[in-house]
Each structure stands twice: as C-alpha cells, then as structure tokens.
Amino acid sequence: MEFGEFSKANYSISLDTKSQLFSARSNDNPKFEATGVTIQDALSELSKLDAKIRL
Numbered sequence: 000m001e002f003g004e005f006s007k008a009n010y011s012i013s014l015d016t017k018s019q020l021f022s023a024r025s026n027d028n029p030k031f032e033a034t035g036v037t038i039q040d041a042l043s044e045l046s047k048l049d050a051k052i053r054l
C-alpha cells in the first residue's frame, strides 16, 4: 500500500469493515463526518455539512 498525497481533495475516505459503511471526513474541519453505503453517499452527506466539499 502506498501512502501519500495523490489529490488535492479536501476530504478523507475510510471504510469501516465491520459495518461496511464508508466514512467521509472534512480535512479542513474534522468534526464534519458523514457515512454512507457508497463513497458517493458519504460524500453527498458530507457536502450537506461542509459547503467547501464539492463533488
């Protein structure tokens, strides 16, 4: 696995393998976190919390 900055996105994505839900968190404001069944669902919910998140 490679770690590094591969994009300029202002969010992070993770997968909870127990619940099988994706989490999206704002890098600018980590208190903004949203979950969804798909990455797109999680990002859509996050964009409702943080106006800086653009899809």
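With numbering that gives the first Met the number 0 applied, the sequence shown corresponds to residues 0 to 54, in that order.
For glycine and all other residues, C-beta sits at the position ideal for the given N, C-alpha and C.
Simplified DSSP state of aspartate 40, which is helix, strand or coil
Correct three-state label for aspartate 40: helix.
Who does serine 13 pair with in a DSSP beta bridge?
Residue pairing of serine 13 in beta bridges, as defined by DSSP: Ser22.
Residues that alanine 8 bridges to, as DSSP identifies them
None, per the DSSP bridge assignment.
Near serine 46, what residues of its chain come up, given a Cβ to Cβ distance below 8 Å and the 5 sequence neighbours on each side ignored?
Excluding residues up to 5 positions away in sequence, Ile52, Arg53 and Leu54 lie with their Cβ nearer than 8 Å to the Cβ of serine 46 in the same chain.
Beta strand (DSSP E) segment containing alanine 33, residue limits:
Where alanine 33 is concerned, the enclosing beta strand (DSSP E) starts and stops at 32-35.
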